[in-house]
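Some notes on the structure that comes next.
In my numbering, the protein residues as written are 70 to 147.
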(Lines of atoms letter the chains of each structure in order from A; the text may use other names.)
(Lines give C-alpha, C1' and ligand atoms only; values in the text may rest on other atoms or scores of the structure.)
Protein backbone atom coordinates (compact mmCIF):
# COMPACT_ATOMS: atom_id res chain seq x y z
CA UNK A 70 0.00 0.00 0.00
CA UNK A 71 1.16 3.48 -0.66
CA UNK A 72 -0.01 6.72 0.88
CA UNK A 73 -1.28 9.52 -1.31
CA UNK A 74 -2.82 12.91 -0.50
CA UNK A 75 -6.37 11.55 -0.35
CA UNK A 76 -5.57 8.51 1.77
CA UNK A 77 -4.27 5.00 1.47
CA UNK A 78 -4.37 3.20 -1.87
CA UNK A 79 -4.40 -0.60 -1.99
CA UNK A 80 -3.11 -2.46 -5.01
CA UNK A 81 -3.58 -6.11 -5.88
CA UNK A 82 -0.97 -7.75 -8.07
CA UNK A 83 -1.34 -11.07 -9.84
CA UNK A 84 1.38 -12.98 -11.67
CA UNK A 85 -0.16 -13.55 -15.10
CA UNK A 86 -0.95 -15.83 -16.80
CA UNK A 87 -0.69 -18.37 -13.95
CA UNK A 88 -3.17 -16.50 -11.69
CA UNK A 89 -5.54 -15.36 -14.43
CA UNK A 90 -8.65 -16.81 -12.73
CA UNK A 91 -7.94 -15.04 -9.44
CA UNK A 92 -7.34 -11.81 -11.36
CA UNK A 93 -10.67 -12.14 -13.20
CA UNK A 94 -12.54 -12.76 -9.95
CA UNK A 95 -10.94 -9.71 -8.31
CA UNK A 96 -11.54 -7.55 -11.37
CA UNK A 97 -15.24 -8.48 -11.48
CA UNK A 98 -15.90 -8.66 -7.74
CA UNK A 99 -18.49 -5.85 -7.74
CA UNK A 100 -20.37 -7.49 -10.62
CA UNK A 101 -20.31 -10.82 -8.78
CA UNK A 102 -21.57 -9.16 -5.61
CA UNK A 103 -24.33 -7.48 -7.63
CA UNK A 104 -25.46 -10.81 -9.04
CA UNK A 105 -25.50 -12.36 -5.57
CA UNK A 106 -27.45 -9.40 -4.21
CA UNK A 107 -30.01 -9.66 -7.01
CA UNK A 108 -30.39 -13.39 -6.46
CA UNK A 109 -30.86 -12.94 -2.71
CA UNK A 110 -33.47 -10.24 -3.30
CA UNK A 111 -35.26 -12.48 -5.84
CA UNK A 112 -35.36 -15.30 -3.28
CA UNK A 113 -36.65 -12.90 -0.65
CA UNK A 114 -39.44 -11.69 -2.94
CA UNK A 115 -40.43 -15.28 -3.75
CA UNK A 116 -40.57 -16.16 -0.06
CA UNK A 117 -42.63 -13.05 0.78
CA UNK A 118 -44.91 -12.66 -2.24
CA UNK A 119 -44.47 -15.48 -4.73
CA UNK A 120 -46.97 -18.27 -4.70
CA UNK A 121 -45.85 -20.13 -7.83
CA UNK A 122 -43.02 -21.75 -5.84
CA UNK A 123 -43.22 -23.62 -2.55
CA UNK A 124 -42.41 -21.18 0.27
CA UNK A 125 -40.67 -23.80 2.44
CA UNK A 126 -38.42 -24.82 -0.44
CA UNK A 127 -37.54 -21.23 -1.25
CA UNK A 128 -36.76 -20.46 2.37
CA UNK A 129 -34.49 -23.52 2.52
CA UNK A 130 -32.71 -22.41 -0.67
CA UNK A 131 -32.30 -18.88 0.65
CA UNK A 132 -30.98 -20.13 4.00
CA UNK A 133 -28.46 -22.40 2.28
CA UNK A 134 -27.39 -19.57 -0.01
CA UNK A 135 -26.77 -17.32 2.99
CA UNK A 136 -24.83 -20.07 4.77
CA UNK A 137 -22.59 -20.42 1.70
CA UNK A 138 -21.98 -16.67 1.70
CA UNK A 139 -21.19 -16.69 5.40
CA UNK A 140 -18.74 -19.59 5.06
CA UNK A 141 -16.82 -17.54 2.50
CA UNK A 142 -17.14 -14.32 4.52
CA UNK A 143 -19.14 -12.61 1.77
CA UNK A 144 -21.47 -9.90 3.01
CA UNK A 145 -24.24 -8.65 0.76
CA UNK A 146 -26.02 -6.39 3.25
CA UNK A 147 -23.63 -3.96 4.90
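Note that CB positions come from ideal geometry on N, CA and C, so glycine has one too.
These numbers come from a predicted model, not from an experiment.
At a Cβ-Cβ threshold of 9 angstroms, residue 111 and residue 145 do not count as neighbours.
Within the segment 111-144, the complete alpha helix (DSSP H) runs of at least 4 residues fall at 124-140. A distance below 7 angstroms between beta-carbons, with the five flanking residues on each side excluded, links residue 122 to the following residues of its chain, in chain order: 115. Distances from the CA of residue 135 to each of 108, 125, 118, 94 were compared; the closest alpha carbon is that of 108. Nearest C-alpha to residue 132 among 142, 81, 113, 91: 113. Only residues of its own chain outside the window of five on either side were considered, and among them 143, 145 have a CB closer than 8 angstroms to the CB of residue 102, listed in chain order. A distance below 8 angstroms between beta-carbons, with the five flanking residues on each side excluded, links residue 128 to the following residues of its chain, in chain order: 116.
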